[in-house]
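In terms of the working numbering, the sequence shown is residues 55 to 300. Idealized CB from N, CA, C, for every residue including glycine.
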Amino acid sequence: MKKIFAILLLALCAFGAELKVAAAANVAVVANELKKAFAKTHPNDSVEITLASSGKLVAQIKNGAPFELFMAANVDFAKSLSNDGFGVGEVAVYAKGKVALFSARGVDLSKGLQSLKNAKIKTIVIANPKTAPYGTASMQAMQNAKIYDEIKSKIIYAGSIGEALSQTISAADIGFVAGSALYDEKMRKFKEGKDYIFIDSTLYEPIAQAMVITKKGENSKLAKEFYDFILSQDAKAIFAKYGYEF
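Below is the structure:
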C-alpha cells in the first residue's frame, strides 16, 4: 500500500502544477524569457500567460476567467481587482514602462511629438486609453505637448498596446507603442532617432505596472512562487533588457 501511495505521489510530482496568468499586452516581449527562467526551478510546472489590455483582462477575471495571477500595466487596474474582492494579498509594482513613437514608413521624427502635425501623416495609432494604460499615457503626452486638438482627427484606437504595434507595422503612418517592444529581436532593424523616439517621460504619468494574485489563485502555491519570482533580481534583469525601469 505504501509503495502504491509513493508511486502515485511521484506521478503527481512528475505532472506538476499549471498556473494561468493574465498579463498586459506589453509583457509579451518578456513572457517567454520569464517562463524559461522560472522553469529552471520549476521544471515540472507550467505557466500559461494570456495577453490582452489590462481593462479587458479585469473584465474577464470579474466574469469568472480562471486566471490565478494578474500582471497589469498600471496600479489602478490591479487595485480594482482587490477593491472588488477579486484579488488577494499585496498589489506589487514589478516594473515601470516607457512610451515610444514609432513609424515603419520613414516618417521624419526630428521634431519629436510636433512631427505628428505633419500633413503627410494621415493615421496615428494609440492603444485605447479606456482599457490600456499605455493608451492613457499616449493621450497625456499629446495633450501635454499641446498638439492633441490639432491631430485628434488622425487618431485610430487599437484594442491593446500590442495591437497598436501590429497596426503601426502593417498599415498606419505612425503609432504610440510600448518602449519595450523596440528591444525585441524582430525590431532591431529599426533605429532610434530614425524610426522611433522615446517620449519625454515628463509628458505622461509614470507607467508603474503592478500585479496581484486573484481570488482563484488564493490557495495556489505556484501563483505565490511566480509572484515572488517576478519581484526577484532574476526577473528584473530580464525586464531591464527590454528597457523597463524600477
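The shortest CA-to-CA distance from Lys133 to any of Val147, Lys94, Pro120, Leu285 is the one to Val147. Counting the other Cβ atoms within 10 Å of the Cβ of Asn137 gives fewer than 16, which makes it exposed.
Taking a cut-off of 8 angstroms for Cβ pairs, the region 183-194 and the region 99-113 touch, as three or more such pairs fall below it. Cβ neighbours of Ser214 within its own chain (closer than 7 angstroms, five residues either side excluded): Ala79, Ala106, Ser107, Ala181, Ala186. Taking C-beta separations shorter than 8 angstroms and ignoring five residues to either side along the sequence, the partners of Met193 in its chain run Ile180, Pro183, Tyr202, following chain order. Per DSSP, the unbroken alpha helix (DSSP H) holding Phe92 starts and ends at 82-93. For Gly216, the enclosing alpha helix (DSSP H) begins and ends at 215-224. Excluding its 5 nearest sequence neighbours in each direction, Glu72 has C-beta neighbours in its own chain below 6 angstroms: Ser100, listed in chain order.
A residue is called buried when at least 16 other Cβ atoms come within 10 angstroms of its Cβ; Gln287 does not meet this threshold and is exposed. Under the 10 Å beta carbon count, Lys243 is surrounded by fewer than 16 other beta carbons and is classified as exposed. Ser220 places its beta carbon 9 angstroms or farther from that of Lys152. Collapsing the DSSP output to three states places Ala106 in a strand. Counting only the Cα atoms, Gly216 lies some 21 angstroms from Leu167. For the 9 angstroms CB-CB criterion, Val266 and Ala126 form a contact. Going by DSSP, Glu204 is part of no beta strand (DSSP E) but of the alpha helix (DSSP H) stretching over 202-205. When the Cα atoms are used, Phe156 and Phe293 turn out to be separated by approximately 20 angstroms. In the structure shown, the three-state DSSP call for Lys278 is helix. Tyr250 is bridged by DSSP to Phe156, Glu246. Within the region 107-142, the runs of beta strand (DSSP E) that reach at least 3 residues and sit entirely inside it are, in chain order, 123-125. Burial check for Lys94: the Cβ neighbour count within 10 Å stays below 16, so the residue is exposed.
As the crow flies, the alpha-carbon of Phe92 is around 13 angstroms from that of Ala291.
Annotation: the continuous alpha helix (DSSP H) that includes Thr190 extends over 187-198.
Rounded to the nearest whole angstrom, the C-alpha separation of Ala277 and Tyr188 is 26 angstroms. In this structure, DSSP gives Gly271 a helical state, which the three-state scheme calls helix.
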